[in-house]
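A.B. asks: This is the structure, below, for whatever I ask next.
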Amino acid sequence: MNKKIKIAIYSGEVPSTTFIERLINGLSKMGHHIYIFGAQTQKVNYTGNVTLATYKKGRIPKLLHLAKYSLLLHLFKNRERKKLDGMLGKVSKNLLYSKVKYYPILWHKPDIFHLQWAKGLEEWKWVLEFDMKLVLSLRGAHINYSPIADPELVLMYNRCFPLVDGFHAVSKAIGKEAETYGASYDKIRVVYSGLKLNDFKTSKVLKIETFQMISIGRPHWVKGYNYALDACKILKTKNFNFKYIIVGGSKDLELMYQIQDLGLKDYVVLMDKISFEDVKRLVESSHLLILPSVKEGIPNVVLEAMALGTLVLATDCGGIDEVISDGKNGFIVPIRDSRKMADCILNISHLTKIEISNIEKEAKKTLKKQHLENQMLKDMNSFYQDVLNGKAESKNLYD
Amino acid sequence: MTKNKIGLVLSSVPGYSETFFRNKINGLQANGFEVILFVDYLNPSDAGFPCQVVACLDFNSRSLKTVLNSIITFLKAAIFSPKQSFRLYQLDKNDGVPFNRRLKNIVLNQFFFKQSLHWLHFGFGMLSKNRENVAKAIGAKMAVSFRGFDLYLSPLKHPNCYDALFTKDVRYHVLSQGMKQTLLDYKIDPNQIYIIPPAVDIEFFNPNKETVTNQNEVLKIITVARLHWIKGLDYILEALAILKERGIPFEYTIIGDGDQKERLLFAAHQFDLTDTVKFVGRLSPNKVKAFFEESELYLQYSFQEGFCNATLEAQAMGLLCVVSDVESLNENVLDGLTGWIVPKRDPKALAQKIIEVAQLPMSEKHRITQNAINRVKENFNLEQQHREFLKFYTQQSFDP
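Protein chains in written order, with this note's numbering: chain L, 407 to 805; chain R, 105 to 504.
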């Protein structure tokens, strides 16, 4: 039976990433009661049954927030408040701030507390003492590379992962990675990011002579832009006529320097962050989206480019091979290999219209098969139901 | 005006390991100059620094204290140094500096006004920003040192940041011919550019034992560098992955710290080098020397360098040095004579060179390291650096 559940989606900041915002809206439409906690940086509009128990940044808003929930707990749940205070007294380094974060959660007491980022796990294990189920998303740096450089983090994961009731993995690869830190195979559920294909209707007509390539994302080393720029250098020496835009890469000194150093000023543009609509327009008007990352889950930008009918060339950086099958619906090259990347770009530029059209069709097929928003919501819903019923392990999506 | 008084401007008092400025100050003092150090802030550990240190007040925080400090400082400037304040105001005005900035410059530079200096010498290019007229306002000559990143990276980050500076009557100190050429490209008068490369304490960095003694199977490789992207360390790791693939046994140690540690640790992990690459952090000169003594090959694969002291030190210690083909490093190491130069950003070429060097006969390795030791001793010693700085402050102009 599909029980209506009180679910807290916690990422610390409101609004959060695309996936999380889609999840919030979708789950609330399914009839679940969604609670949002944490610091709110912008106005948000959620439809359906969503309770915002957020605070604005700054001392006064935080104090008012604390005062409200302290009073409510004092009057109606004093025993539980005392119990939490007792637990916090032993571990919290900043008691007041901890209360600002924790009291609203204790007051609303959702059935499931779904934490989005693993690094914060230790401070949230208290929810288990108050009949809430703890669910953790496995995503991003927290699993992909931070533990490699931080042995303390590995120890924390080893301590805390066994306590978690269910793990949501954004890809099979990241689920496997988390297993090495003590996440139980049985508790991991892979739920892919999903999108609404209707939001990506396209009337793609590319008549530009110059081969247009694009990457989207913050200028962080994990994005591997330095390898893409090295590939551009190879393309330049082969007299290939191209342009490459990195959206979100402006003002990054390393990229600016590399572009100058390699003489790529006429070929590469570093752009500021732009609106989602503008990103879509740019991706749509590009021949190729490049994902040069050294490590990723399954980035939304890859799915979105596929939905927009733009070819994707990605590195084999984690969950990519769960979406892209090389040569069939996109292209995969090894990580940290600019030469292979350049060769692949040249090959792609020689594809016939029919070949391109076939790849685009295959890409859409893949999206329809495993990356639709409805499917994502259905899978998350069934995952939550199973966690609540203590059956998280019954429907593992691993191969 | 005291003829032998030099004001040296740095952001902070040089720590014990920052040998360049410490050596420079020692050398100047030994030659009868009086040195005053101007810094942005003081640390508790700065007490006992062997020259007078003047620190600027903190005007960066947004507090009532900053407002009060600014008002008091402005009044001090107007009352006790009216001539200097007015001159700076006028000179800035002539340069088209906006009114608010002119007032700000008086407040920020007030701590220079009471000093009677022969030279005001900015230790890094960016330290002279918004201070282009201070030396003239206090009646001193102006000198600026460029150290590498300030000449190559700062203008990328802050476009046109040296436009005002490059119009002034300034004597420039650079570390290499490459840097001099960059200044010439900015149309700086060659008579005012003087190359003084860094120097090595050759008494300290002196190989106690016979050099290139590694008879082991394992090639011991080392780099001393901040963990910064400009050092090209991920390309080194890629080259080492090739070595590993070819079954060449090696150990690689990186001495240094920085904000790219996670990136490099992760790269080492992905290249499957975790067992062979060690990140030992920043170390004291004694410990660095001990690591040099244990190593055979030194790598400096930067995209850009001012000159690179560590490469000089490695040569002084008798290590085989392989460096990237970038300005300054190709003056630091002479290809085939005192070490080897390979194209930058080319891990395959680097790996190939490492293999070639490792397989050289002992006699050839000896020849190269001995050349390097001799060259560092002759051309990059402290006495010579002191002499060059004396010339820098006393000569009318330099031979282009």
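Every residue, glycine too, gets a C-beta built ideally from N, C-alpha and C.
Verify whether the separation of the beta carbon atoms of I765 (chain L) and L717 (chain L) is less than 8 Å.
C.D. replies: Yes, they are a contact pair.
A.B. asks: Once you ignore the five residues that flank D727 (chain L) on each side, which residues in its own chain have a CB closer than 7 Å to its CB?
C.D. replies: Counting only Cβ-Cβ distances below 7 Å, and skipping sequence neighbours, we find I738.
A.B. asks: Are the region 301-308 of chain R and the region 323-337 of chain R touching by the rule of at least three beta carbon pairs closer than 8 Å?
C.D. replies: Cβ pair count under 8 Å is below three, so no.
A.B. asks: Which whole-angstrom value is the C-beta distance of N413 (chain R) and T442 (chain R), which I expect to be below 8 Å?
C.D. replies: Not quite, the Cβ-Cβ distance comes to about 15 Å (not below 8 Å), so this is no contact.
A.B. asks: Does the CB of H222 (chain R) have a neighbour CB from chain L at under 8 Å?
C.D. replies: By this cut-off, H222 (chain R) is not an interface position.
A.B. asks: So what's R449 (chain R) in DSSP terms, helix, strand or just coil?
C.D. replies: DSSP places R449 (chain R) in coil when its eight states are reduced to three.
A.B. asks: What separation, rounded to the nearest whole angstrom, lies between the Cα atoms of L635 (chain L) and P311 (chain R)?
C.D. replies: Whole-angstrom Cα-Cα distance: 41 Å.
A.B. asks: Using a Cβ cut-off of 7 Å, pull out every chain R residue sitting near V700 (chain L), in sequence order please.
C.D. replies: Q374, listed in chain order.
A.B. asks: Would you report the Cα separation of V793 (chain L) and K412 (chain L), rounded to the nearest angstrom?
C.D. replies: Each residue's Cα considered, the two are about 13 Å apart.
A.B. asks: Which of helix, strand or coil does DSSP assign to M436 (chain L)?
C.D. replies: In the structure shown, M436 (chain L) sits in coil (DSSP, three-state: anything other than H, G, I, E or B).
A.B. asks: Would you kindly work out how many angstroms separate the C-alpha atoms of K169 (chain R) and G581 (chain L), rounded to a whole number?
C.D. replies: One C-alpha to the other measures close to 52 Å.
A.B. asks: Does the CB of E138 (chain R) have a neighbour CB from chain L at under 8 Å?
C.D. replies: No, E138 (chain R) does not count as interfacial toward chain L.
A.B. asks: Under a three-way DSSP split, which group does T106 (chain R) fall into?
C.D. replies: Annotation note: pLDDT 48 at T106 (chain R) (below 50); position unreliable, coordinate value reported separately. The answer is coil: DSSP assigns T106 (chain R) none of H, G, I, E or B.
A.B. asks: Within the same chain, show all residues whose beta-carbon is closer than 7 Å to that of R428 (chain L), passing over the 5 residues directly before and after it, in chain order.
C.D. replies: Closer than 7 Å at Cβ, skipping near neighbours: E779.
A.B. asks: Check whether the Cβ atoms of Q404 (chain R) and V480 (chain R) sit closer than 8 Å, and answer yes or no.
C.D. replies: For Q404 (chain R) and V480 (chain R), no; Cβs fall outside 8 Å.
A.B. asks: Would you please state the rounded distance, in angstroms, between the beta carbons of N147 (chain R) and F163 (chain R)? I believe it to be under 8 Å.
C.D. replies: Rounded, the Cβ-Cβ distance is 18 Å, inconsistent with contact.
A.B. asks: Are the C-beta of A713 (chain L) and some C-beta of chain R separated by less than 8 Å?
C.D. replies: By this cut-off, A713 (chain L) is not an interface position.
A.B. asks: Have a look at L:K657, L:W513, L:V653, L:R745 and flag the residue whose alpha-carbon is nearest the alpha-carbon of S681 (chain L).
C.D. replies: Cα-wise, what sits closest to S681 (chain L) is L:V653.
A.B. asks: Would you please verify whether the beta carbon of K410 (chain L) is less than 8 Å from any beta carbon of chain R?
C.D. replies: Taking Cβ atoms only, chain R never reaches closer than 8 Å to K410 (chain L), which makes this a no.
A.B. asks: How is R485 (chain L) classed by DSSP in three states: helix, strand or coil?
C.D. replies: Note: R485 (chain L) maps to helix in three-state DSSP.
A.B. asks: Quick check on the DSSP output: what are the complete beta strand (DSSP E) runs of length 3 or more inside the region 673-707 of chain L, in order along the chain?
C.D. replies: List check, beta strand (DSSP E) in window: 674-677, 694-697.
A.B. asks: Taking E355 (chain R) as part of the beta strand (DSSP E), name the residues at either end of that continuous run.
C.D. replies: That run of the beta strand (DSSP E) goes 354-359.
A.B. asks: Check whether chain A comes within 8 Å of W627 (chain L), counting only Cβ atoms and requiring the distance to be less than that.
C.D. replies: No chain A appears in the structure shown, which is made up of the protein chains L and R.
A.B. asks: For a cutoff of 8 Å on Cβ pairs, would you count E366 (chain R) as touching chain L?
C.D. replies: Cβ-Cβ to chain L under 8 Å: yes for E366 (chain R).
A.B. asks: Can the beta-carbon of S249 (chain R) be found closer than 8 Å to that of G227 (chain R)?
C.D. replies: It is a contact, given that the beta carbons lie within the stated cut-off.
A.B. asks: So if DSSP puts H574 (chain L) in a beta bridge, which residue, or which two residues, is it bridged to?
C.D. replies: Beta-bridge pairing links H574 (chain L) to L:S543, L:R595.
A.B. asks: Would you check if there are 3 or more beta carbon pairs closer than 8 Å linking the region 641-659 of chain L to the region 613-632 of chain L?
C.D. replies: Short answer: they touch.
A.B. asks: How long is the line joining the alpha carbons of T380 (chain R) and L369 (chain R), rounded to whole angstroms?
C.D. replies: Going from the Cα of T380 (chain R) to the Cα of L369 (chain R) covers about 12 Å.
A.B. asks: Could you please give me the residues that DSSP links to K462 (chain L) through a beta bridge?
C.D. replies: Answer is L:Q446, bridged to K462 (chain L).
A.B. asks: Starting from Y479 (chain L), find everything on chain R with Cβ-Cβ shorter than 7 Å and list it in chain order.
C.D. replies: Note that residue 479 (chain L) is Leu in the sequence shown, not Tyr. In chain order: nothing, as chain R lies at least about 36 Å away.
A.B. asks: Would you list the one or two residues that DSSP bridges to S621 (chain L)?
C.D. replies: L:I652, per the DSSP bridge assignment.
A.B. asks: Can you tell me whether DSSP reads E419 (chain L) as helix, strand or coil?
C.D. replies: Reduced to three states, the DSSP call for E419 (chain L) is strand.
A.B. asks: Let me know if L783 (chain L) comes out buried or exposed under the rule of 16 or more other beta-carbons within 10 Å of its beta-carbon.
C.D. replies: Buried: at least 16 other Cβ atoms inside 10 Å.
A.B. asks: Evaluate T123 (chain R) with the Cβ neighbour count: other Cβ atoms within 10 Å of its Cβ, from every protein chain shown; 16 or more gives buried, anything less gives exposed.
C.D. replies: T123 (chain R) comes out buried.
A.B. asks: Looking at V113 (chain R) and H225 (chain R), is the spacing between their C-beta atoms short of 8 Å?
C.D. replies: Against a cut-off of 8 Å, the Cβ pair of V113 (chain R) and H225 (chain R) comes out as a contact.
A.B. asks: Answer yes or no: does any C-beta atom of chain R fall closer than 8 Å to that of E660 (chain L)?
C.D. replies: Closer than 8 Å: yes.
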